[in-house]
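Participant:
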Amino acid sequence: MSVLTSPRGKSEVVHCRRTESQDIYCIKSLMRKFTQKLFGKLNIIYLLEKANLAVTVCNDKEEIMAQATFVDYPNWNVSKQNAWVSLFREFDSEIPCTPLNTLFMHLFVAVDEYSIGCCNEIIRTVFKAVPELHFIFLIVPAYMSLGSTLITVFTQVGIIPCLTFEEEFAVYICHRHNHYPQLHIRKARVEDHDDLMPIFMRHDTILRETYGEYFLAELIEAQDEENHAVVCEVEGVALGFMSVCSRVNMELLHECFNLGPFHGLCNPHPDDVLEPPRQLRVQGSQDAALKTSSQASQKTVEEPQEPDTPDTRECIQGKTVEAVTEELLSAVHSRHVNEVENIEKLSEVSIAEELDNDIMTEGSASILLPEEKEDFRPIYRGTSTAFCIQLFCIEEKYEARSLDFMNFVFSLFPDKNFCIISLPHLTPEFVLIQNFVKMVPFTNCTLEQDLYIFHRAGLLKSINIRLATNSDTPGVENLVSTLLLNRSILDDFNQYKVAHRDPDGTPLQAFVAEVAEQIVGIAVIRNEMDIEYIRSHYNIEDFIYFTHHQREEHGHLHHFALNPIFRHYTKFFLKEILRLGFKSCLYYPIYPHLRSGKFQNPYAHSLTSALHYLVPVRPRRQIVYPLEKLGINAPSKEVSKEPLCYALNHTNRKLTLEPKITVNAKIVVVGASNVGISFLETLVFCPHLKFNNLTLISTHGLPGKNLLGTEQRRFLASDHCFNDKDYALMSLCSWVNVVVGRMTAIDRAAKHVVVSKEEIVLYDHLILCTGQQYQVPCPTGADITKHLTNREIPNNSKQQYTGKVPCNHFTLNDEDDCFKALTWIKNNSITTEGNVIVYGNTIDIYTTVETLLHIGVRGSSIHLVHPPSTATITCINNYVVESAVENALQEAGVHFYQDALLAQWNDGEYPDPIQSASFTTPTKPFRLQCSIFFSFCEKNVDYETFKAFNDACLVYDGRLVIDTNFHTNDIAIRAAGSLTKFSNRYYSNEWTHSNFSSKEIGFQLAAAMLSLFDPTLEPVTEPPADLDRLIPMYKGAKIQGGILPRHYHYLHIAKPAIPAPLEVQMAQPDFGLEIVTGNVQNGNYFRIHINKYKMVETITCLSKEPFPASNYIRLFGQHEQVLNNLCERYHDKLIPDLYSSPTEPRGLHLTVQALLMSHPPESLKPFHQGRPQGSETAAHLLSFPSSIPFSSKCLLLRVAFWNRRPSSGIPAGPQGLTESEIPTLPLATRVLWYIFCLMQVAVCE
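Residues in the sequence shown are numbered consecutively from 313, following this note's numbering.
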């Protein structure tokens, strides 16, 4: 913050921030006629969309004092955006302006009284935010003066003509050194001690307490050839300190980190061992083949040697880094030396960024590397080429210039090429290490430090991005030679050279990054041809105003590879691609890895090392349209087509200079339950946060492998939280490390999890989301020959089965279990002979029976056995539906038994395999022959999981005990989902997470944790003492659905509640209204419960025909008036069938309205703080099928204008009014605005 004083003596405390969309109205109010003459007539929304950086100055009341917008090409059309560099070099060769160090001011407005102070504050902030920036140009008509404000910071350097009309423009320049200069670096002196100690003490007192009060003076005095201390100086005062040392423990680094891409930070030596011995290599390949051959037999942890994160994709394959030539090294010693003249050649550093994702197999959800990659460690015998930073500190005001130290410290070690620094991984990423490359630790590394590396060549500023030419072919081939998909890159590169177009005619562009005549980067883009599909299927308008981007300005990123020593130029590379390619947006899709059982997805692009610099885009909820019924009114094929789903990543001009906050905390999630997946999804889709250490421990890895299409899904009922399409749209494998195995222990003191009794996974925050699973039932042991009844048998429902699990006994908890069971059935001819016993009381018994009937098992061979129920309600809790299911079972010939307890397998003999099963009942026992046994008894916590909790002394009381903030009794361990219960101090034992939507629980868990990592969130205030005992209540719907016997498609949607029989609910005086159409005999049963507040509270569907469940789910929680006065029309008998109503022309709009009005957890404000939000325009809303009634379109317009997120704007209407402006208008004006909207609808009609 700064204090500005006006000429009249008034003071204002101001701060700078990035411009947001709600600032537009105030920016317009600050514009004067002089502003228009200086910058031209501007569309503010359009300008902000195309700007690289926009800064707003606010006072302490958040009132806007000033705003400035900066773009990477000139205004007033004095040159094309891709050609200004040559023009300005001809204009003044003494100004070394490049795209890297130059920006252009396109707008400046300010409150007159504080304009000079605001201008200086903005300029200083811009130079601080963009360390590479040295020049800001301002171009105005030659006849105009700059006025009293801008003239204080800009100096005229000449005049240039305009391209399109005869007029001259004056060019003004602003230099960095006048506002935020580079730091002067020198060797430290003892007398610097007094200047530096206050800076150290503000950050940490441990050093003084450990080494004494004068430790810094002693460190400075101890300098020699191996140890140096340097300071940065401003006006004779030391304001920063760095201690460097050439003694590095290379043996420890080689043991803990994969330094192969940099040749182990050593000089090449003839005795280096870089490849595993041949015998080990062959054995490793065999071991890897065995691991991938059988998915069901995976018991060990298979964690990638390198986490599957974009920053590490440059460093996976262990290739050698060739030494940089002496000419290069001498050139970097001084910043004043002309880089290009003194560099003869820059030897390339091998980048191996492509990766393990392309060698994934169907057998594993984790990334499987060849065995020798994990066991083998290269041996480097050459001398070290690295020095380390031991101590670093700098005044916060000058932190942005931290990189100024590097040129000087490299000059102190002329024989060293690398600078390294190790930090505790919880250290926030400061400016200096943002320019370093974070190295990847080996899986067995227990060092609690992160290693960062910076190469001497990274100091070069002569990087040039340009369109590729034919002469670049050898350099590009050399650059990508180590990449797994290098053939794909070269094919597209050759296609560009030959035709500049794809075979289908789509324009293609290839760009190269060049340093000292050496190709160090390659990128290939094409025009995005599916932009309508992207707009309709992804929330791209969270980041852009779509209507302000031309179709040809959307680009599709196919390939991106950059030498890792220049990784800190990735954003600059992307920015130049946009400028030179005349693009404003880039899109990068990530397709599912598994397709048609192949190792390589034919749709896949080469993996990009720039992924962390893009933002993931959330998919939109989609309406399921009855295309055949809509006919010509159906959406266009570009919108309604169903290509292969992919996760979309995006960047645009606004994001190229916007930093991400890096989170290095090790967040370990145990269990791939819906809660865990929702938690990870929420973190991954935070666009301004970069999580480097997300790890998932799961028995079968990430879900969504879609092993047998939709067939396996019928075994288990669905809660409609996630499906295979959702997993593909998230692509969690791009951001999350996956450890395949089972958690067997937790060491709270050492903060690590033991997986499969042997592997260790370290954590800073442990998230337990294992949920509950079906367990193997424990037979009572009753001898049925004694004719015992249930009353005569002791209750052993809590007893754990500890014997051998029979090979033909199956408990189905996930898709992998279903796949295993289905494979066993087909391999053992169960469909033609043998009895099947299905034992349990949950809805999964009915979906499993339906699956068995569907695959050909005879109904007479299926025995459905219900154990005595301890619940107060049935699994369906609807007598009508239950009767229909029972009738269907009888028609199919399925035998079913009530209140039967499992007594023995094989009459008490050895149980493997199960050949018979005996049961007791309240009357007489019975015995059944058995070929396969399915158990769906009550779910519980797995024994190994319970033992891990118990041994770790986590409080367990039937379930894992948590508080309202998800904490266990260990502050570093949180838990959520059906695994947990609230502490008894809340006196709410009947309420647990099982009563709520798993997806919402995961979202709320992530929201609770984001306050630890996201500085843009407001601090969480502690609740009053009397409210601390209240448990949180969530509003998301509880859903269950599946296919029941007789091919009934079933869906039940209800609000979270304590279970109670339906008859009891309906007997309540405030029950509300029940709307029922159809019947189960005809297979069109539809029931809606409207509560006393006229809100949709329950929906139950039972149909013989498939129906769009996602459409009906969105109706939950809507007011009946939103559904076109549903109650009134039902009383008037205007709704004979609720199934046909939503798919008919008049009914389809109800779903559209509900989709726009509903706010499920995943669509709550996704932490896009400080970022312009997109919106639907009126024209887009009016593009809905014309079959939607006039009144519904009016409602949609009201929804769009009044129920969007507060930070969104609506660039529609004759004046370009935004949403934030509409409430400020007079009432009469707003009425006219509504009339204008209705007229638009009328024209459309």
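Ideal Cβ positions, reconstructed from N, Cα and C, are used throughout, including at glycine.
If you check the beta carbons only, do Leu797 and Ser918 fall under 8 Å apart?
Facilitator: In this structure, Ser918 lies closer than 8 Å to Leu797 by Cβ.
Participant: I'd like to know whether the C-beta atoms of Tyr1424 and Leu1363 end up nearer to each other than 8 Å.
Facilitator: Yes, the pair counts as a contact, with Cβ atoms nearer than the cut-off.
Participant: Helix, strand or coil for Gly833? Go by DSSP, reduced to three states.
Facilitator: Correct three-state label for Gly833: strand.
Participant: Does the Cβ of Asp424 have 16 or more other Cβ atoms within 10 Å, making it buried, or fewer, making it exposed?
Facilitator: Asp424 is exposed by the Cβ-count criterion.
Participant: Give me the residue from Tyr484, Asp1282, Leu1342 and Ala500 with the minimum Cα distance to His1077.
Facilitator: Ranking the options by Cα distance to His1077, first place goes to Asp1282.
Participant: List the endpoints of the continuous beta strand (DSSP E) containing Glu1409.
Facilitator: It spans Val1408 to Ser1415 - the beta strand (DSSP E) in which Glu1409 sits, taken as one unbroken run.
Participant: Keeping to the same chain, check which residues put their C-beta closer than 6 Å to that of Tyr1255; ignore five residues upstream and five downstream.
Facilitator: Same-chain partners within the cutoff: Gln1112.
Participant: Write down every uninterrupted run of the alpha helix (DSSP H) in the stretch 1175-1242 whose length is 4 residues or greater and which is fully enclosed by it, in chain order.
Facilitator: Complete alpha helix (DSSP H) runs here, min 4: 1191-1204.
Participant: With distance defined between alpha-carbon atoms, name the residue in Lys1037, Val1161, Val1177 and Ile1226 nearest to Lys1116.
Facilitator: It is Ile1226.
Participant: Going straight from the alpha carbon of Tyr1299 to that of Glu1203, what length do you get?
Facilitator: Each residue's Cα considered, the two are about 47 Å apart.
Participant: Within 10 angstroms of the Cβ of Thr437, are there 16 or more other Cβ atoms? Answer buried if so, exposed if not.
Facilitator: So Thr437 ends up on the buried side.
Participant: Closest Cβ-Cβ distance between Leu458 and chain B: below 8 Å?
Facilitator: No chain B is present in this structure, which holds just one protein chain.
Participant: Over the uninterrupted beta strand (DSSP E) stretch that includes Pro473, give me the two end residues.
Facilitator: Taken as a continuous stretch (DSSP letters only), the beta strand (DSSP E) holding Pro473 covers Thr467 to Pro473.
Participant: Below 8 Å on the Cβ atoms is my contact criterion, and I expect Phe725 with Ser558 to pass it. Report the Cβ-Cβ distance as a whole number of Å.
Facilitator: That belief holds up - the Cβ atoms of Phe725 and Ser558 are roughly 6 Å apart, short of 8 Å.
Participant: Give, in chain order, every unbroken run of the beta strand (DSSP E) that is at least 3 residues long and sits entirely within the stretch 696-723.
Facilitator: With a minimum length of 3 residues, the continuous beta strand (DSSP E) runs that stay inside the stretch 696-723 are 698-706.
Participant: Going by beta carbon distance, what residues of the same chain come within less than 8 Å of Phe730, once the five residues before and after it are set aside?
Facilitator: Closer than 8 Å at the Cβ level, and outside the excluded window around Phe730, lie Phe574, Leu577, Thr697, Ala698, Phe699, Ile765, Phe766, His767 and Arg768.
Participant: Quick one: Cα of Val326 to Cα of Ser427, how far?
Facilitator: Straight-line Cα distance between these residues: approximately 12 Å.
Participant: Within the stretch 372-454, note down every full beta strand (DSSP E) run reaching 3 residues or more, in order along the chain.
Facilitator: Within the stretch 372-454, the complete beta strand (DSSP E) runs of at least 3 residues are 376-383, 414-422 and 447-453.
Participant: Count the other CB atoms, across all protein chains shown, that sit within 10 Å of the CB of Ser323; report buried if there are 16 or more and exposed otherwise.
Facilitator: Looking at its Cβ environment, which holds fewer than 16 other Cβ atoms inside 10 Å, Ser323 is exposed.
Participant: Considering Leu1385, what are the terminal residues of the beta strand (DSSP E) in which it resides?
Facilitator: Looking at the DSSP string, the run of the beta strand (DSSP E) that includes Leu1385 is Leu1385 to Thr1389.
Participant: Let's test the definition: count the other Cβ atoms within 10 Å of the Cβ of Gly833 and tell me whether it reaches 16, buried, or not, exposed.
Facilitator: Buried is the call here.
Participant: What residue from Gly1289, Lys1311 and Gln1316 has the CA that sits closest to His1305's CA?
Facilitator: If we check each option's Cα against that of His1305, Gly1289 comes out closest.
Participant: For Gln1216, does the count of other Cβ atoms within 10 angstroms reach 16, so buried, or fall short, so exposed?
Facilitator: By the neighbour-count rule (16 or more Cβ atoms within 10 Å), Gln1216 is buried.
Participant: Give a yes or no on whether the C-beta atoms belonging to Phe553 and Leu508 are separated by under 8 Å.
Facilitator: In contact: Phe553 and Leu508 (Cβ atoms closer than 8 Å).
Participant: Pick out whichever of Ala1229, Gly1390, Ala1319 and Tyr1405 has its Cα sitting closest to the Cα of Phe1383.
Facilitator: Nearest of Ala1229, Gly1390, Ala1319 and Tyr1405 to Phe1383, Cα basis: Tyr1405.
Participant: Could you check the C-alpha separation between Arg932 and Lys949 for me, to the nearest Å?
Facilitator: Those two C-alpha atoms are separated by around 17 Å.
Participant: Span of the beta strand (DSSP E) holding Arg514?
Facilitator: Arg514 -> not in any beta strand (DSSP E); alpha helix (DSSP H) instead, spanning His505 to His515.
Participant: From Cys328 to Asp584, what does the alpha carbon distance come to, in whole angstroms?
Facilitator: Those two C-alpha atoms are separated by around 53 Å.
Participant: In or out: Met313 buried (at least 16 other Cβ within 10 Å) or exposed?
Facilitator: Label assigned to Met313: exposed.
Participant: Between which two residues does the beta strand (DSSP E) containing Gly1348 stretch?
Facilitator: Neither: Gly1348 is in no beta strand (DSSP E) and is coded neither H nor E.
Participant: Provide the residue span of the beta strand (DSSP E) that contains Leu1006, from first to last.
Facilitator: First-last of the beta strand (DSSP E) with Leu1006: Leu1006 to Ser1010.
Participant: May I ask you to list the residues that DSSP assigns as paired with Leu261?
Facilitator: Because the chain in this structure spans residues 313 to 1557, residue 261 falls outside the shown range and cannot be described.
Participant: Please report the Cβ distance between Asn1049 and Leu1006, rounded to the nearest whole angstrom; I am assuming they are in contact, meaning their Cβ atoms lie under 8 Å.
Facilitator: Contact holds; Cβ gap of about 7 Å.
Participant: Between Ile1365 and Ala1349, which are expected to be in contact by the criterion C-beta below 8 Å, what is the C-beta distance as a whole number of angstroms?
Facilitator: That pair is a contact at about 5 Å.
Participant: Determine whether the beta carbon atoms of Leu886 and Thr963 lie at a separation below 8 Å.
Facilitator: Cβ atoms of Leu886 and Thr963: closer than 8 Å.
Participant: Taking DSSP as the reference, what is the three-state secondary structure of Pro901?
Facilitator: Of the three classes helix, strand and coil, the one that applies to Pro901 here is strand, per DSSP.
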